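Peer 1: Chains as they are written, first to last, in this note's numbering: chain A, 56 to 364; chain B, 56 to 364; chain C, 56 to 364; chain D, 56 to 364; chain E, 56 to 364; chain F, 56 to 364.
Number of protein chains: 6
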Amino acid sequence: MTDKRKIYFNGEFVDELDARVSIFDSALMFGDLVFEMTRSFKHEPFKLREHLERLYVGLKILEIDPLMTIDQMEDLTKQVVEMNLPTFKPGIDFQIMHSVSRGPLGPYHSLFPDGLKPTIYINCWPLYWHVGALSHLYDTGVNAIITSQRSVPAQYIDPKMKNRSRIYYQIANMQAHKFGDDAWALLTDDDGFITEGTGANFFIVKNGELITPEPRNILRGVTREAIINLAEKLGITCHEKNIEAYDVVASDEAFFSSTPFVMMPATKINGLTIGNGTVGNVTKLILKEFSKMVDVDIVDQAKKMRPLK
Amino acid sequence: MTDKRKIYFNGEFVDELDARVSIFDSALMFGDLVFEMTRSFKHEPFKLREHLERLYVGLKILEIDPLMTIDQMEDLTKQVVEMNLPTFKPGIDFQIMHSVSRGPLGPYHSLFPDGLKPTIYINCWPLYWHVGALSHLYDTGVNAIITSQRSVPAQYIDPKMKNRSRIYYQIANMQAHKFGDDAWALLTDDDGFITEGTGANFFIVKNGELITPEPRNILRGVTREAIINLAEKLGITCHEKNIEAYDVVASDEAFFSSTPFVMMPATKINGLTIGNGTVGNVTKLILKEFSKMVDVDIVDQAKKMRPLK
Amino acid sequence: MTDKRKIYFNGEFVDELDARVSIFDSALMFGDLVFEMTRSFKHEPFKLREHLERLYVGLKILEIDPLMTIDQMEDLTKQVVEMNLPTFKPGIDFQIMHSVSRGPLGPYHSLFPDGLKPTIYINCWPLYWHVGALSHLYDTGVNAIITSQRSVPAQYIDPKMKNRSRIYYQIANMQAHKFGDDAWALLTDDDGFITEGTGANFFIVKNGELITPEPRNILRGVTREAIINLAEKLGITCHEKNIEAYDVVASDEAFFSSTPFVMMPATKINGLTIGNGTVGNVTKLILKEFSKMVDVDIVDQAKKMRPLK
Amino acid sequence: MTDKRKIYFNGEFVDELDARVSIFDSALMFGDLVFEMTRSFKHEPFKLREHLERLYVGLKILEIDPLMTIDQMEDLTKQVVEMNLPTFKPGIDFQIMHSVSRGPLGPYHSLFPDGLKPTIYINCWPLYWHVGALSHLYDTGVNAIITSQRSVPAQYIDPKMKNRSRIYYQIANMQAHKFGDDAWALLTDDDGFITEGTGANFFIVKNGELITPEPRNILRGVTREAIINLAEKLGITCHEKNIEAYDVVASDEAFFSSTPFVMMPATKINGLTIGNGTVGNVTKLILKEFSKMVDVDIVDQAKKMRPLK
Amino acid sequence: MTDKRKIYFNGEFVDELDARVSIFDSALMFGDLVFEMTRSFKHEPFKLREHLERLYVGLKILEIDPLMTIDQMEDLTKQVVEMNLPTFKPGIDFQIMHSVSRGPLGPYHSLFPDGLKPTIYINCWPLYWHVGALSHLYDTGVNAIITSQRSVPAQYIDPKMKNRSRIYYQIANMQAHKFGDDAWALLTDDDGFITEGTGANFFIVKNGELITPEPRNILRGVTREAIINLAEKLGITCHEKNIEAYDVVASDEAFFSSTPFVMMPATKINGLTIGNGTVGNVTKLILKEFSKMVDVDIVDQAKKMRPLK
Amino acid sequence: MTDKRKIYFNGEFVDELDARVSIFDSALMFGDLVFEMTRSFKHEPFKLREHLERLYVGLKILEIDPLMTIDQMEDLTKQVVEMNLPTFKPGIDFQIMHSVSRGPLGPYHSLFPDGLKPTIYINCWPLYWHVGALSHLYDTGVNAIITSQRSVPAQYIDPKMKNRSRIYYQIANMQAHKFGDDAWALLTDDDGFITEGTGANFFIVKNGELITPEPRNILRGVTREAIINLAEKLGITCHEKNIEAYDVVASDEAFFSSTPFVMMPATKINGLTIGNGTVGNVTKLILKEFSKMVDVDIVDQAKKMRPLK
């Protein structure tokens, strides 16, 4: 069904492989691109507005005018989803990606006789691309590896602005993967404070309470926020504060959070078991309640994706 | 003549506007792209091998195998140049850009049935795109603005590896441009040491000697190296050492260096005159001798570019 | 009426222009001077005791013995106020400044045959000197500019000790003023955390809650404290925590606070609108309630100062 | 003879005790004052021009226009010296201090009907004020104490710009003096690198070579420069590089340098003997040769000052 | 009675002076040793389990397998206590020390034909060794000295893992002791935040509330935790947050906490009085309540130790 | 022959296994121990005096009086060597270790009725303990791994003072060993500058010149110094300057240096080949010339050690 998906690309709807960015675009010249990743539950985009609001903060900082209001962007997104809905299997959710760059750069303007405008694309793809391969890890948990590659501190490049100048994520991934297939990079800042995974937030559980890093050198994940709110409703306190490798070793449970997979248990840190080395009860509870909230059995759906791939 | 230029793109030669990168490419997902910019003198690429060697160090660090040797890359470059030579005006030189990314990412592999390979493109364009608009500044000099945006320290993202995760260059440019058209961003590190411009190195002249920042939080420019070597031949000592805003204010002359424009005088720092506020003698001398070395009057050629545009 | 104001200066009451500090004083040799700025409401000094307590902490740290108790200093202040009251217009408040330095330095002792004592002066002036020129900004708000000049971290010179070694305030002011008359400097620390203005604290409003930087690299303003307490009474939570430029851009409202003008809306950050770019409702509410608390319409009085000048 | 010295103060020549700065001056409000300290040898100012050039760099950075050229300042200085020469004893040299502030601040302009101009004063005093009390230390050396108060790094307040926002010098002095009368503060930066004394540079001698800190977080002393040049002539290599407490402990000799006393041996570091605990041979040699160069026996003159006082 | 105490040492019970570690042990080669210090109240170990849990976190991080479970370690401890109980005077408590190193290092294995195993010892000694000499300080308080030696930040060597690579404690002690017998070292981190004493935590009291540094660059003391919990029961809020020297100077009371002496008032900071310079009421209250909680008059017992010594 | 070696231990000569340090010693309580490691060539200690001088600098800093002069220490060393010479095989060299701690701590003084004295031991062992297992690596080179454990910066614990508070070496070793038997830890500082191995210095070769890190956050190895001097004699320039991972990747050759093995090629960095991945020519040359200088074929001797073990 792949060839049927359509991508909004600068005012048109194109085939997936035709969604390509000019090499003269600021996105490729400077990593000057902000984006969002939203997922659906039961084929409904989850917290789409929150994602778009974060996108528009990024655009404001970068002084990029997307030439459409946030409402227009939301409408357009719904149009993209609707157009692609027939390509998605029932019971399998999808991801939506919004991307906006400054567009082709000034020195190359003669190549673009219609003028220089921001590059905007919105596309969606089946969730099993990202989640399918991970589904067994819901049971075993991953091995969080603190890499020698550290987070870029926010005063240099602010990760709160979800941007694509993040080659260091890729380097951290390479470093972590040397420790095995279940190894995920866990970044720290210069002080040794845990920041985030490469595209995921991080939580520990200690004495029945959640702790997640201060929202500074991290992307402030929409799922992270949803988990904090959900925990509160469940009577589980969540602290946003600095934690270090020591705290993870001494914790009872730990997990990553991210839009596509929602929550992923971490049962090891640098190869050392966290708690008793199995997926913890608080982790399980929150994931179960999250599933209830969105009326989708998140793990179950993920496991169904494997044969699909 | 624009429509005649051809770009090497993943094994093919395509039209300029058809050189486009898939939105599923690591280049767009992570700014995971290394590149080089070479210029010609008299239509001969200048220090092409040095540029390619730096490219290959970057690829080694990123563990990207370009599937061709450096010799093959060099041959291919010559082929690209030859193919495009007819499009270049006599007396006007050109730039060559090499770009290599890891290619489309794993989760999207089903979209690429032929397998995931690095994305490689080599293209060239007339020098007046970048240099034409600047040519009058050879006479007046630019106003170097120390921006509140600082360099990303090398331990986070190494600028010595010429990569495209550099949205902070664009932010610095935006900050500098608020000070006028002749304002160029000058970055510093966390200690207030001058690092580089956004795509250029920086030198000051003090008591007849050159000083340029330590080759740490900078791209180690090929032109920078050429200037140091040339100065040596001219009996001008060049120190590589930490300098601060104070040193620039107290200097006699200053200039940026970069492949396209070679050298660009800076006659102000944060709006304060450097020396007597005109282009300095040492700067002029080196630029004149550089022109001799490459047998091209660099400034003169630049000025000829203006009407072309 | 200017020539009627009297200044307490080292045991005497002198005319304003005769209040001058010897060039051999530690104040001029080392910026070795602590001070306080108090304002009146309805001609009554506001929180005078709190100001004096802060002054005495500074004196303790600097090991300067002012040769009078805090009670004596308070009495003396009242005497200064009383003496000058006739010079102040009804309905226009005034400021009181306390200053204490170590006095003339040891090597110059032969010039001071009566011995070396601390230099102490207490003076007051009409509020319109500082506030008159700003009064229109209560309506439009100011443009907060994050300068490349950063705060001096507290481990080097502690801003909590209100001292006069702060040439960096003046440099930040110079940098900000290049962005226009409504541009106010906003300092950050080395991590990019907002600290303070140059003589003012800073607050943002987000989702109906106040956030103000941790009381570390800042002067802990008496007005800042008063606003936090007032907000609490109004049911508005105030968090003291690290905030960055990103948070200001993403905030709904922002304002500076300081003794003379109490609160000043910031409707822009680096030229980008904050919220919808007008003075926010929470800001207005707190300022209105502050006015009630002190029984002075702060903005109204400020506006009345303009013609006076 | 004291009452005969005259000070140039804002266009007039006044008595020493009448040289006083308005409390509304930027110097007292912000420590916004740059200055120079020059000494004479045989009643001739030593390297006056170098001092004035440094002063003018500071003024440029602070954007203060002194309303006179450097040549005019030099002439004026000579006039001040000449006027005061009769007050100086033969064989006892003197110091000259130049001070320039931005002048009274804008908000107080109504107090200064003639307009706001920079505050400028030039004065001189007999050398024994500063040097007399130290003269016995030429024989014993001082005890350099690394204080917990550190240097303010240059990116916050640049010590290369000789300014008066330096309350931290005074705090360091207080900390050092707790270790005895012969204890002098020795500052370090954040990395533990030695920077300077509080108004003096620092050198160590190791294996017959001089080492002095990189000219970054220090005032670049004119005497420091003179010593480096003199050493070179004597065939003694001098390295400008980072040194730490360890290097001082492991050194053979050490000394401070400054305009008034020229060189002062340090025979202890934190109470530990340096070398064999006596004034070293290289130190003695350089001091002797410096004396020759200026045709004044520096130590001898200093010792003669004691009874004068 | 000294010669009767027995020490568990690698499976045996030995005399105190025979408890010695091979010079080939990792403990002596790398400071590669974790330990715990527990005290008794009424001859019952206080919070032994908490101490052992912290020990086992350290062992996990160091990848040292102690070859016994935490339960076995607890049993063994009780055995050691029981064996030594006859040596302790009634009414005088004791300390227990647990120590575990990696054991002799690989290169020296031929010296240890029985194989390389961790080195483990458990010993106890009368409390008056450590506390006796301090007992008079409960009345006067100590003088907390901020040393130029700073804490090693946790990202280099984590103090939360109670280890023996802490020569910097000894250096800080040496620096503090130069200020007198009642001077105790108080460490700070690189930002000037108070961390801990050398083997003790630190609290201040301000406006009736307790404040103690964030549990980052400190050992997270078991007694610290007990005090926080006790304060809570007494209705005294305790904040864990960054404090600086300024906060201590401006505080009402201060004290150190540690296992052996429980609480020790600090009535001075760098020689400056804290509050009114006497032991504060909140300090007294908590210490009294702690005594009640453990049914031992802590100060009284300490004072009884003096003649014993 | 093992049982015949004797160790000088606090005034006595004892068997190897009897050289044990009391658990009450400052060495075990604080890692408060300085040491030296010297090796022999042809059974003659190499640069013994240099090692002892470094030892005595450390003792001075720690204010430990070893109660013997450096000459006495040297004589004693010779005595120890002589006594043990019969145990060493001809053609196989040995190592000498000097260790000095502050001795048992004050609180435990009653256990040491003879008083508290420094603990001093001098011992020697056959070189094959440390070098035998490594000898094959002279041919293949090691894989230098930049660990996430970084160097402790010198301002916290100075590595130039060769001390035993270095659990972080052991942690770095553990991290490196996960990458294989040929993986050696390579530490960096906070800026990402290479510092040293865990007990070894590091050099790279680039364009025929040697570069080794600035002697700051490293132990300044005696062998390092010897190599620099030797290179100079061979006409090979050696720069002491900051290098980063990038420089190692881009270098032609690299090697570690240390007393026991002298030089050890590093042919990989983080698994990436350095140069062409084999032992480089400059490395070979220097090692060969070093062998000549000491008249011992270093590699050959090392290889002979393998069967011995």
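Even for Gly, the Cβ is constructed at its ideal location relative to N, Cα and C.
Just so we're clear, the structure is a prediction, and the values are computed from it rather than from any experiment.
(1) Of all the residues that make up the segment 186-215 of chain B, which are near chain C by a beta-carbon distance shorter than 8 Å?
(2) Can you tell me whether DSSP reads His191(D) as helix, strand or coil?
(3) Helix, strand or coil, according to DSSP, for Ala209(E) in the structure here?
(4) May I have the straight-line CA-CA distance separating Tyr223(B) from Pro121(A), to the nearest angstrom?
(5) Can a CB atom of chain F be found closer than 7 Å to the CB of Phe248(E)?
(6) For the candidate residues Ile282(C), Thr322(C), Lys233(C), whose alpha-carbon lies nearest to that of Lys347(C)?
(7) Using CA coordinates, which residue listed in Arg94(B), Ile266(B), Ile119(B) is at the minimum distance from Lys370(B)?
(8) To the nearest angstrom, report how far apart Ile212(D) and Gly161(D) are at their CA atoms.
(9) Going by DSSP, what residue range makes up the beta strand (DSSP E) through Glu251(C)?
(10) Indicate the three-state DSSP secondary structure (helix, strand or coil) for Thr314(A) in the structure shown.
(11) Listing by chain order, which chain F residues have their CB less than 9 Å from the CB of Asp245(A)?
(12) Three-state secondary structure (DSSP) at Glu99(B)?
(13) So, with DSSP's three-state summary, where would you put Ala74(E)?
(14) Of all the CB atoms in chain B, is at least one closer than 7 Å to the CB of Tyr334(F)?
(15) Can you list, in chain order, the residues of its chain whose CB lies under 7 Å from that of Val349(B), leaving out five sequence neighbours each side?
(16) Suppose the cutoff is 8 Å on Cβ atoms and the five residues either side in sequence are ignored; what does the same chain contact list for Val197(F) look like?
(17) Using alpha carbons as the reference points, say which of Glu287(E), Phe248(E), Ala309(E) lies closest to Ala300(E).
(18) Under a CB-based cut-off of 7 Å, is Lys102(F) close to chain D?
(19) Helix, strand or coil for Asn297(A) per DSSP?
(20) Which residues does DSSP list as the beta-bridge partners of Glu91(E)?
(21) How do the segment 82-91 of chain D and the segment 83-90 of chain C stand: do at least 3 beta-carbon pairs fall below 8 Å, yes or no?
(22) For the candidate residues Gly335(B), Pro270(B), Arg157(B), whose alpha-carbon lies nearest to that of Pro214(B)?
(23) What does the Cβ neighbour count give for Lys364(F), buried or exposed, with the cut at 16 atoms within 10 Å?
(24) Nearest chain A C-beta to Ser220(B) closer than 7 Å, yes or no?
(25) So if DSSP puts Pro270(E) in a beta bridge, which residue, or which two residues, is it bridged to?
(26) Please classify Lys61(E): is it buried, with 16 or more other beta-carbons within 10 angstroms of its beta-carbon, or exposed?
(27) Does Val317(F) come within less than 7 Å of chain E when only Cβ atoms are used?
(28) So that I know if they touch, is there some Cβ in chain A lying closer than 7 Å to that of Ile298(E)?
(29) Reducing DSSP to helix, strand and coil, say where Phe85(F) ends up.
(30) So, are the CB atoms of Lys359(B) and Leu274(B) less than 7 Å apart?
(31) Measuring alpha carbon to alpha carbon, tell me which of Tyr111(E), Thr292(E), Ser190(E), Asp244(E) ends up nearest Asp352(E).
(32) With a threshold of 16 other CB atoms inside 10 Å of the CB of Asn297(A), please say whether the residue is buried or exposed.
Peer 2: Judging by the given coordinates:
(1) Of all residues in the segment 186-215 of chain B, Ile201, Thr202, Ser203 have a Cβ within less than 8 Å of some Cβ in chain C.
(2) Here His191(D) sits in coil by DSSP.
(3) Ala209(E): coil per DSSP, three-state reduction.
(4) About 20 Å.
(5) Cβ-Cβ to chain F under 7 Å: no for Phe248(E).
(6) Out of Ile282(C), Thr322(C), Lys233(C), Ile282(C) has the C-alpha closest to the C-alpha of Lys347(C).
(7) The requested residue 370(B) is not part of the displayed model; chain B covers only 56 to 364.
(8) The straight-line gap separating the alpha-carbon atoms of Ile212(D) and Gly161(D) is approximately 23 Å.
(9) Going by DSSP, Glu251(C) is part of the beta strand (DSSP E) stretching over 249-252.
(10) Here Thr314(A) sits in coil by DSSP.
(11) Contact annotation for Asp245(A) against chain F: Asp245 [CB-CB distance below 9 Å, chain order].
(12) Strand.
(13) Ala74(E): coil per DSSP, three-state reduction.
(14) For clarity, residue 334(F) is Val in the given sequence; the question names Tyr instead. It does not; no Cβ of chain B falls within 7 Å.
(15) Correct list, in chain order: Phe96, Phe101.
(16) These residues qualify, in order along the chain: Asp237, Ala238, Trp239, Phe311, Met319, Pro320, Ala321, Thr322, Lys323.
(17) Ranking Glu287(E), Phe248(E), Ala309(E) by CA distance to the CA of Ala300(E) puts Phe248(E) first.
(18) For Lys102(F), no Cβ of chain D is located within less than 7 Å of the residue's own Cβ.
(19) It is coil, neither helix nor strand.
(20) Bridge partners of Glu91(E) according to DSSP: His153(E).
(21) In short, these stretches touch, since the Cβ pair count reaches three.
(22) The shortest C-alpha to C-alpha distance from Pro214(B) to any of Gly335(B), Pro270(B), Arg157(B) is the one to Pro270(B).
(23) Its pLDDT being 45, under 50, Lys364(F) is placed unreliably in this model, and the coordinates cannot settle the point.
(24) Taking Cβ atoms only, chain A reaches closer than 7 Å to Ser220(B), which makes this a yes.
(25) Beta-bridge partners assigned by DSSP to Pro270(E): none are found.
(26) Buried, by the Cβ-count rule.
(27) Under the Cβ criterion of 7 Å, Val317(F) is not counted among the residues facing chain E.
(28) The beta-carbon of Ile298(E) is placed no less than 7 Å from the nearest beta-carbon of chain A.
(29) The answer is helix: DSSP assigns Phe85(F) an H, G or I state.
(30) Taking 7 Å as the Cβ cut-off, Lys359(B) and Leu274(B) do not qualify as a contacting pair.
(31) That would be Ser190(E), whose Cα lies nearest to the Cα of Asp352(E).
(32) Looking at its Cβ environment, which holds 16 or more other Cβ atoms inside 10 Å, Asn297(A) is buried.
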